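Q:
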DNA sequence: GTTACATTTAGATGAGTGTCTAAATATATG
DNA sequence: CATATATTTAGACACTCATCTAAATGTAAC
C-alpha cells in the first residue's frame, strides 16, 4: 500500500465524499460531478489523486469512464490504523 | 470526532511517526524530538496539529510536557474507514 | 470526417502547510 | 531574582494543493 499517497488522498473532504458515493455503487465521472459544485477539471484532478493512491479503479464504458472503489486498500488502511492503537493485544502489530 | 482535523493530521509522515512512537509509551516533546531532524519549533507545530485532532493528550510533568496517545479517536477513525468498505453487511453504516 | 459528448491536460492563481530562526513563555534550581 | 532547561509563539519563506478557464484528447453517432 502506498501509505503516503493514501493518507494524502483522504485528507480532502471532496475526495472522501467521492469514496462515500462509490461505496454505494460504481459511477461515471460526470455522474459523480453532479454531486459537487466544482468543474470537471477539478474533479479529474481528484480522480488522479485517488488513482495514485490505488483507492479507485477505472474502466471505460462507451463515452464514459466508470470509477469503482478498491476496497482492499481501505481495509489495509483500517488495519494499519488499528495497529496504531495499543491495548489491543489480539493480533501482533508489525512495525 | 473532528474528521477533517484527524485526516489532515495523519497526512504528514512526521506526525504519523510521532503517533507510532507514542504507541509504545508516552514521551516528552524533547524525547520525541531526538527521533527527527527538525527543530523544536517545527515539532511543536506538529503537536499543535495532533492536539487539534484530539489524537494526543498532554500533561505537564516538571519541566517537560508529556504526550500520550488518545486511542479513542484512532479507533473511531478505523471504524469510519471500514464503513467506507461495502460488502461488510455486519453492522449498519451511519451516514 | 464532422459534430456532440465526456474526460483529461496545461497553465495560472490564491490559500494552506512544513520548515526555519529568533524571541517569548513556563518551570525548576541555585 | 538569575540562570538553565523545555516548549511555544511570531514572522518569514518555499513549496504544495485545490480550484479555475481554456484547450486538447478520446469515443460515439451521424
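Residue numbers (the working numbering), protein chains in the order written: chain W, 1320 to 1414; chain G, 1320 to 1414. For every residue, glycine included, the Cβ atom is placed at its ideal position computed from N, Cα and C. Model, not experiment: these values are computed from the prediction.
Short of 6 Å in beta carbon distance, which residues of its chain neighbour residue 1393(W), apart from the five on each side in sequence? Order them along the chain.
A: Annotation for residue 1393(W): no residue places its beta carbon closer than 6 Å to its own, counting only its chain and skipping 5 residues before and after.
Q: Closest to residue 1337(G) by C-alpha separation, out of 1320(G), 1388(G), 1323(G) and 1399(G), would be which residue?
A: 1388(G)
Q: Could one say the Cβ of residue 1339(W) lies closer than 8 Å to chain G's Cβ atoms, at least one of them?
A: yes
Q: For residue 1372(W) and residue 1321(W), what's the separation of their Cα atoms in angstroms?
A: 6 Å
Q: So is residue 1346(W) in contact with chain G if we call contact Cβ pairs under 8 Å?
A: no
Q: Short of 8 Å Cβ to Cβ, which residues in the region 1364-1392 of chain G face chain W?
A: Flagged, chain order: 1388 and 1390.
Q: Check whether the Cβ of residue 1360(W) lies closer than 8 Å to any Cβ atom in chain G.
A: no
Q: If you run the structure through DSSP and keep just helix, strand and coil, what is residue 1372(G)?
A: In this structure, residue 1372(G) counts as coil in the three-state DSSP scheme.
Q: With which residues is residue 1357(W) paired in a DSSP beta bridge?
A: Within the DSSP secondary-structure output, residue 1357(W) pairs in no beta bridge.
Q: Go ahead and pull the three-state DSSP assignment for residue 1403(G).
A: coil
Q: Here's the rule I'm using: 16 or more other beta-carbon atoms within 10 Å means buried, otherwise exposed. How should residue 1360(W) be labelled?
A: exposed
Q: Just to confirm, is the Cβ distance from residue 1347(G) to residue 1383(G) under 8 Å?
A: Taking C-beta atoms as the reference points, residue 1347(G) and residue 1383(G) count as a pair closer than 8 Å.
Q: Alpha carbons only, please: which of 1399(W), 1400(W) and 1386(W) is nearest the one belonging to residue 1341(W)?
A: Here the closest residue by C-alpha is 1386(W).
Q: How far does the alpha helix (DSSP H) with residue 1330(W) in it extend, from its first residue to its last?
A: Segment: none, residue 1330(W) is in no alpha helix (DSSP H) and carries neither H nor E.
Q: How many angstroms separate the CA atom of residue 1328(G) from the CA atom of residue 1331(W)?
A: 12 Å
Q: Note down, in chain order, every chain G residue with its Cβ under 8 Å from the Cβ of residue 1401(W).
A: Under the 8 Å cutoff, chain G gives 1393, 1394 and 1397.
Q: According to DSSP, simplified to helix, strand and coil, what is residue 1344(W)?
A: The answer is coil: DSSP assigns residue 1344(W) none of H, G, I, E or B.
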